[in-house]
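Residue numbers (the numbering used here): 1 to 215.
See below for the structure under consideration.
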Amino acid sequence: MTSVLDLAPVVPVVVVEDPADAVPLARALVAGGLPAIEVTLRTPVALEAIRAIADEVPDAVVGAGTVISAAGVDAAVSAGARFLVSPGWTKRVLEAMKASGVPFLPGVSTASEVVALLERGVSEMKFFPAQAAGGTPYLASLGGPLPQARFCPTGGISLASAPSYLALDNVGCVGGTWMLPADAIAAKDWARVETLAAQAAALGRTPGWQATAAR
């Protein structure tokens, strides 16, 4: 099973309000070099968006974010999601994600949550909300006692701060929204989205990310 952490250095976190935006948005992100796309289950059209991207953008690896229930897991996978991301986890949600057959990243923000997942055989996680929960100093501190855990930090990360996360040995990729400015989405300025995606994808050429991805 392919690791979500090794798909790309940056995973765009997409909130789709208009289902007509899903395919051109995904095409712009892929063209910019960001094939892994997390569509959050925060809107009524999220599953429709996932299905459209899965059907019409073959080079995209579309996943579902904000997965907070077993029903959400089932619905996302049925719509075509190829990975799952949660902001946190419970036993029921974790069991559903494990049974889904697709890669998943349960969310954590404390050392105890990390240990609990490691105890259950899960070593790849989302660190959320990254900046508010301690940022790079916190993640670097976790690397000492818990080197087997790897993370995708998400929440408050920008183009400027992403490199400091990607330089950490226990970070495989970061999630963010900075390449999806609201004004560009409203104007359907997909060329601008592609340009911003290309800037984010270029972070994958940093030595820290290459070393991590090669593991």
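Every residue, glycine too, gets a C-beta built ideally from N, C-alpha and C.
| query | Using a Cβ-Cβ cut-off of 6 Å (strictly less than) and excluding sequence neighbours within five positions of residue 177, which residues of its own chain qualify? | reply | The sequence position of residue 177 within the sequence shown is 177, counting from 1. Only 13 meet the Cβ criterion.
| query | How would you write the range of the beta strand (DSSP E) that residue 12 sits in, first residue to last? | reply | The sequence position of residue 12 within the sequence shown is 12, counting from 1. That run of the beta strand (DSSP E) goes 10-14.
| field | Distance, residue 54 Cα to residue 79 Cα | value | Start at 1 with the first residue of the sequence shown, and residue 79 comes out as number 79. Start at 1 with the first residue of the sequence shown, and residue 54 comes out as number 54. Cα to Cα, residue 79 sits roughly 8 Å from residue 54.
| said: Quick check on DSSP: helix, strand or coil for residue 217? | reply: Not covered by the structure: residue 217. The range shown for the chain is 1 to 215.
| Taking the continuous beta strand (DSSP E) assigned at residue 17, which residues delimit it? | As a working note, residue 17 is residue 17 in the sequence shown. First-last for residue 17: undefined, no H or E at that position.
| message | Pull the bridge partners of residue 176 from the DSSP assignment, please. | response | Numbered from 1 along the sequence shown, position 176 holds the residue referred to as residue 176. Per DSSP, 12.
| Enclosing alpha helix (DSSP H) for residue 136 [first to last residue] | As a first step, residue 136 is located in the sequence shown; it is residue number 136 there, counting from the start. Per DSSP, residue 136 belongs to the alpha helix (DSSP H) from 135-143.
| query | Just reading off the alpha helix (DSSP H) that residue 51 is part of, what are its end residues? | reply | Counted from its first residue, the sequence shown places residue 51 at position 51. 46-56 is the span of the alpha helix (DSSP H), which, as asked, contains residue 51.
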